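For reference, the structure discussed in these notes is given below.
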Amino acid sequence: MAWITKNSGGAKIERRDEPYLTQAIKDTVTRTYLPRYETKMGALLPTLHLVQQAHNWLPHQALIEIAEFLGLKPADVIDTASFYEEYWLKPKGACLISVCRSIACEFCGSKAVTDACRRRLGIEPGETTDDGKFTLIELECLGSCGTAPAALFNHTLHENLTPEKVERLIEEAERSGSHGHH
Amino acid sequence: MPRPNFAPEKPILTQRIPCWPFADPATRRTIRLDEYQRTGGYDGLRKALSMAPDAVVGEVKDSGLRGRGGAGFPTGLKWTFLPKYDPAGPPRYLAINADESEPGTFKDRLIMDFDPHLLLEGIAIACYACRLSKAYIYIRGEYFHQAMVLEEAIKDAYAAGIFGSRGLLSGAATAGGGPWPLEVHLHRGAGAYICGEETALLESLEGKRGWPRIKPPFPALKGLFGKPTIINNVETLAHLPSIVTFGKEWFLAQGTKGSAGTKLFGISGHVNRPGLHECELGIPLRMLIESKDYCCGMRHGKKFKGAIAGGVSTGILGPDQIDAPMDFDIGKNYNVLGLGTACPTIFDEDTDMVAVARNIARFFKHESCGQCTPCREGSGWLYQLLSRIESGGGRTKDLDLTLEIATSMGAMPGTTICGLADGNNWAVRTIINKYRAEFEKRVRPTYVPVTMSVGAAANA
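From first to last, the protein sequence lines are chains A and B. Under our numbering, the residue at position 163 of the first sequence is numbered 197, and the numbers go up by one with no gaps. Under our numbering, the residue at position 440 of the second sequence is numbered 441, and the numbers go up by one with no gaps.
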């Protein structure tokens with residue numbers, strides 16, 4: 035979480051010529067989000083969501099572009115973006131599998147579900163498969179306790195999971211290549 | 002007086018959402034605007050607009066409605082903390098707490114999933130009554146589907162003239178002197194439990210990291226962007242249309258003394274039919290678990306061992322507390338923090354309570370925002386200690402240290418800004434105190450080495 039400090043001194047920032055913050059995103063922010071808030075910073079969370087939706091993660095360069103666009107300091111944007119778990123500051127797989135590990139899910143069998151993902155994908159929670167198709171994480175309560183255990187495949191919730199069911203879902207995601215929306 | 006099974010005469014919050022014992026949840030679907038209006042929707046708002054704003058506040062205050070988000074603070078009273086309305090004054094805001102992230106809790110999701118306009122009507126009534134001109138629904142990032150449903154519902158409401166710059170209900174005349182324009186926006190969070198704390202929620206709405214603010218000033222005076230702000234939970238607002246329609250006496254007649262009205266109870270864990278039910282407050286936990294109307298008994302016929310009272314922050318009800326009435330007095334009568342979100346998680350006799358404590362400690366370690374040292378460090382210590390005890394490497398003194406930490410951090414001991422650490426404390430403390438033998442069986446005794454000479458050697 036936010037209080038894990040990283041040694042970023044001397045870190046190299048990858049840059050590309052094509053901006054991550056496209057004109058289309060800028061237009062949406064200007065038209066839809068900026069008028070909603072008293073300050074420009076108010077539009078930061080929606081903007082980060084939009085950029086992540088377009089690129090699947092938030093490269094450092096994108097954060098700097100957002101800062102310039104909203105008239106903020108890059109440090110402020112990084113401060114916010116690094117606080118929230120849903121913002122990915124490193125690349126993730128096309129399909130993000132998030133297995134709930136909170137109270138109801140753990141005691142209704144979420145460990146077996148995570149283990150099935152581990153086995154099937156050959157990765158540990160927090161890792162991405164070599165082909166970049168899947169990232170596996172465990173996270174806290176998804177608000178699906180009455181139908182535990184639960185997991186998200188990108189934004190799609192799957193309930194009452196079993197190891198067999200989750201393996202089937204992974205196979206389907208692999209086959210279709212469409213992994214729901216980011 | 003509640004009916005024998007504590008079900009309301011007719012479902013209120015769930016009138017359009019099938020729940021046992023009234024209807025099969027398998028038939029649930031999202032109610033769109035036209036159907037909502039056909040079935041009495043927005044009648045409550047219409048009636049509210051015919052009343053003076055202060056009269057609506059008075060009605061809600063006298064109804065005894067208490068916040069459904071966890072703390073149970075009287076809603077009407079909270080509203081009266083706002084400064085006196087001045088048409089030339091600064092804007093005033095409503096922030097709707099839809100950040101439902103308390104483990105075990107899945108009640109607000111039901112309303113947003115299936116009856117989004119019930120929430121929107123509640124928002125309109127609150128804004129009219131309290132003279133608020135803009136409302137932000139702060140919904141947790143993981144509720145992507147619910148955010149889409151709400152976005153659609155807000156769009157429909159604008160298109161139908163219910164919200165907008167002309168005033169509520171297409172600029173209808175009101176008893177408050179002229180139409181009341183209202184803007185409603187959805188704001189998606191991004192995965193942080195702490196943003197359910199009201200001032201952290203405001204920080205997050207402002208685009209900052211979700212760090213709770215020091216109070217005072219309270220949000221009613223200085224809240225979002227430094228302006229007067231009311232923060233209410235989704236379920237609290239969903240109660241408003243029926244309170245305005247049927248009146249305070251009707252609301253007071255349900256539930257028990259000090260705990261008026263119905264409440265959504267979401268039961269999870271080791272029961273035969275987990276799920277959501279709308280019952281009058283005061284329903285005994287045993288009835289929720291055993292009744293055929295609700296959860297149909299413990300799974301596989303096992304024995305009841307314990308239940309998280311209402312979200313992990315509230316602590317645990319022990320094996321002998323299954324008859325606890327679920328109302329706002331549960332905290333002082335049963336040694337838990339309170340009713341919380343009224344979503345109990347049930348454990349059967351095979352559950353390892355040390356693992357339960359470890360799971361909860363891990364949650365709080367993960368979700369501590371890091372602002373206050375006692376919580377940031379203490380939550381990590383608790384998780385390490387409980388993991389060690391669980392794996393068999395703990396000693397008896399670890400238990401004492403665990404309890405010492407779980408007593409000294411938090412807003413109640415006065416060492417942190419918000420109550421996150423208090424939730425951690427209550428969970429860990431009540432589990433250890435109510436299942437102490439299980440913990441003691443896991444730990445090895447702490448030996449204190451003593452060197453002394455006795456007998457002839459002592460005299461040498």
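Every residue, glycine too, gets a C-beta built ideally from N, C-alpha and C. These numbers were taken from a predicted model, which means no experiment stands behind them.
Could you spell out where the alpha helix (DSSP H) holding residue 138 (chain B) opens and where it closes?
As a working mapping, residue 138 (chain B) is identified with position 137 in the second sequence. Residue 138 (chain B) -> not in any alpha helix (DSSP H); beta strand (DSSP E) instead, spanning 135–140.
Excluding the 5 residues preceding and the 5 following residue 1 (chain B) in the sequence, name in chain order all residues of the same chain whose CB lies nearer than 7 Å to its CB.
Residue 1 (chain B) lies beyond the stretch modelled for chain B, which goes from 2 to 461, so this question has no answer here.
Of the residues B:5, B:49, B:412 and B:361, the one placed nearest residue 176 (chain B), counting alpha carbons only
Stepping through the second sequence from its first residue, residue 176 (chain B) is reached at position 175. Here the closest residue by C-alpha is B:49.
The alpha helix (DSSP H) with residue 131 (chain B) in it runs from where to where?
Translated into the one-based positions of the second sequence, residue 131 (chain B) becomes position 130. Its alpha helix (DSSP H) spans residues 117–131.
For residue 383 (chain B), name the three-state secondary structure that DSSP assigns.
Taking the second sequence and counting its residues from 1, one reaches residue 383 (chain B) at position 382. Reduced to three states, the DSSP call for residue 383 (chain B) is helix.
CB-CB under 7 Å to residue 1 (chain B), same chain, minus the five flanking residues each way: which ones, in chain order?
Because chain B here runs from 2 to 461, residue 1 (chain B) falls outside it and cannot be looked at.
Counting only runs of 3+ residues fully inside the region 271–298 of chain B, write out the beta strand (DSSP E) ranges in chain order.
276–281
How about residue 105 (chain B) and residue 431 (chain B): do their beta carbons lie closer than 8 Å?
Here residue 105 (chain B) is taken as the residue at index 104 of the second sequence, counted from 1. Here residue 431 (chain B) is taken as the residue at index 430 of the second sequence, counted from 1. Not in contact: residue 105 (chain B) and residue 431 (chain B) (Cβ atoms no closer than 8 Å).
Could you check the C-alpha separation between residue 43 (chain B) and residue 123 (chain B) for me, to the nearest Å?
Sequence index remark: in the second sequence, residue 43 (chain B) carries index 42 (1-based). Sequence index remark: in the second sequence, residue 123 (chain B) carries index 122 (1-based). Cα to Cα, residue 43 (chain B) sits roughly 9 Å from residue 123 (chain B).
C-alpha gap between residue 151 (chain B) and residue 234 (chain B), whole angstroms:
The residue you call residue 151 (chain B) lines up with position 150 of the second sequence. The residue you call residue 234 (chain B) lines up with position 233 of the second sequence. For residue 151 (chain B) and residue 234 (chain B), the distance between alpha carbons rounds to 15 Å.
Starting from residue 188 (chain B), follow the beta strand (DSSP E) in both directions and report where the run begins and ends.
By 1-based counting over the second sequence, the position of residue 188 (chain B) is 187. Where residue 188 (chain B) is concerned, the enclosing beta strand (DSSP E) stretches over 184–189.
Check the Cβ of residue 189 (chain A) against every Cβ in chain B and list those closer than 8 Å, keeping chain order.
Counting from one through the first sequence, the residue named residue 189 (chain A) turns up at place 155. In chain order: 145 and 146.
Identify every run of the beta strand (DSSP E) within the region 183–236 of chain B, keeping only runs that are complete inside it and at least 3 residues long; order them along the chain.
184–189 and 230–234
Could you spell out the range, first to last residue, of the alpha helix (DSSP H) harbouring residue 316 (chain B)?
By one-based count along the second sequence, residue 316 (chain B) stands at place 315. Per DSSP, residue 316 (chain B) belongs to no alpha helix (DSSP H) and is neither H nor E.
Locate the alpha helix (DSSP H) running through residue 126 (chain A), then write down its first and last residues.
Taking the first sequence and counting its residues from 1, the one referred to as residue 126 (chain A) is at position 92. Where residue 126 (chain A) is concerned, there is no enclosing alpha helix (DSSP H), given that its DSSP letter is neither H nor E.
Is it buried or exposed for residue 448 (chain B), if we count other Cβ within 10 angstroms and need 16 for buried?
As a working mapping, residue 448 (chain B) is identified with position 447 in the second sequence. Looking at its Cβ environment, which holds fewer than 16 other Cβ atoms inside 10 Å, residue 448 (chain B) is exposed.
List, in chain order, every chain A residue whose beta-carbon is nearer than 8 Å to that of residue 186 (chain B).
Here the question's residue 186 (chain B) lines up with position 185 in the second sequence. Those are 70, listed as they occur along chain A.
When you compare the CB of residue 293 (chain B) with every CB in chain A, is at least one pair closer than 8 Å?
Mapped onto the second sequence, residue 293 (chain B) falls at position 292. Not closer than 8 Å to any Cβ of chain A, the Cβ of residue 293 (chain B) fails to qualify, so no.
Listed from N- to C-terminal order along the chain, which residues in the region 367–379 of chain B have their beta-carbon within a distance smaller than 9 Å of any beta-carbon of chain A?
367, 368, 369, 370, 371, 372 and 377
Going along chain B, which residues have a C-beta under 8 Å from residue 1 (chain A)?
The shown model of chain A, from 35 to 216, leaves out residue 1 (chain A), and the question about it has no answer.
Say whether chain A places a C-beta atom closer than 8 Å to the C-beta of residue 207 (chain B).
For the purposes of this step, residue 207 (chain B) is taken as residue 206 along the second sequence, with counting starting at 1. With 8 Å as the cut-off, residue 207 (chain B) counts as an interface residue toward chain A.
Below 7 Å, is the gap between the Cβ of residue 408 (chain B) and the nearest heavy atom of the ligand NAD?
This structure simply doesn't include the ligand NAD, nor any ligand for that matter.
Hey, is residue 216 (chain A)'s beta-carbon within less than 8 Å of any beta-carbon in chain B?
Along the first sequence, read from residue 1 onward, the residue named residue 216 (chain A) stands at position 182. Residue confidence for residue 216 (chain A) is low, a pLDDT of 44 falling below 50, so the modelled location carries little weight; the figure read from the coordinates is stated next. Not closer than 8 Å to any Cβ of chain B, the Cβ of residue 216 (chain A) fails to qualify, so no.
Just curious, the alpha helix (DSSP H) that residue 334 (chain B) is in, first and last residue?
Counted from its first residue, the second sequence places residue 334 (chain B) at position 333. First-last of the alpha helix (DSSP H) with residue 334 (chain B): 331–335.
When the Cα atoms are used, what is the spatial distance from residue 136 (chain B) to residue 148 (chain A)?
Position 135 of the second sequence, counting from 1, holds the residue named residue 136 (chain B). Position 114 of the first sequence, counting from 1, holds the residue named residue 148 (chain A). Their Cα atoms are separated by approximately 39 Å.
Could you check which residue in B:408, B:57, B:340 and B:32 has the C-alpha nearest to that of residue 244 (chain B)?
Here residue 244 (chain B) is taken as the residue at index 243 of the second sequence, counted from 1. Selected option, being the one with the closest Cα: B:57.
Rounded to the nearest angstrom, how far is the Cβ of residue 217 (chain A) from that of residue 170 (chain A), given a contact under 8 Å?
In the structure as shown, chain A starts at 35 and stops at 216, and residue 217 (chain A) therefore has no counterpart that could be examined.
Given residue 132 (chain A) as reference, the closest of A:96, A:191 and A:53 once Cα atoms are compared
Looking up residue 132 (chain A) in the first sequence gives position 98. Measuring from the Cα of residue 132 (chain A), the nearest candidate turns out to be A:191.
In the DSSP assignment, the beta strand (DSSP E) including residue 169 (chain B) goes from what residue to what residue?
Along the second sequence, one-based indexing puts residue 169 (chain B) at 168. No beta strand (DSSP E) holds residue 169 (chain B); the alpha helix (DSSP H) holding it covers 169–172.
Leaving aside the five residues before and after residue 107 (chain B) along the sequence, list all residues of the same chain whose C-beta is less than 8 Å from its C-beta, in chain order.
Within the second sequence, residue 107 (chain B) is the residue found at index 106, counting from 1. Answer for residue 107 (chain B): 101, 267, 269, 277 and 344, listed in chain order.
Using the beta-carbon of each residue, which ones in chain A are nearer than 9 Å to residue 134 (chain B)?
Translated into positions along the second sequence, residue 134 (chain B) becomes position 133. Near residue 134 (chain B) there are no residues of chain A at all, since even the closest Cβ is about 12 Å away, more than 9 Å.
Grab the span of the alpha helix (DSSP H) containing residue 192 (chain A) for me, first residue to last.
In the first sequence, residue 192 (chain A) corresponds to position 158, counting from 1. No alpha helix (DSSP H) holds residue 192 (chain A); the beta strand (DSSP E) holding it covers 190–192.
What is the DSSP secondary structure of residue 412 (chain B), reduced to helix, strand or coil?
Counted from its first residue, the second sequence places residue 412 (chain B) at position 411. Reduced to three states, the DSSP call for residue 412 (chain B) is coil.
So what does DSSP say about residue 2 (chain B), is it helix, strand or coil?
The sequence position of residue 2 (chain B) within the second sequence is 1, counting from 1. Correct three-state label for residue 2 (chain B): coil.
Between which two residues does the beta strand (DSSP E) holding residue 171 (chain A) run?
Within the first sequence, the letter at position 137 stands for residue 171 (chain A). Looking at the DSSP string, the run of the beta strand (DSSP E) that includes residue 171 (chain A) is 168–173.
Segments of 4+ residues assigned as alpha helix (DSSP H) that fall wholly inside the region 395–455 of chain B
397–409, 421–435 and 437–443
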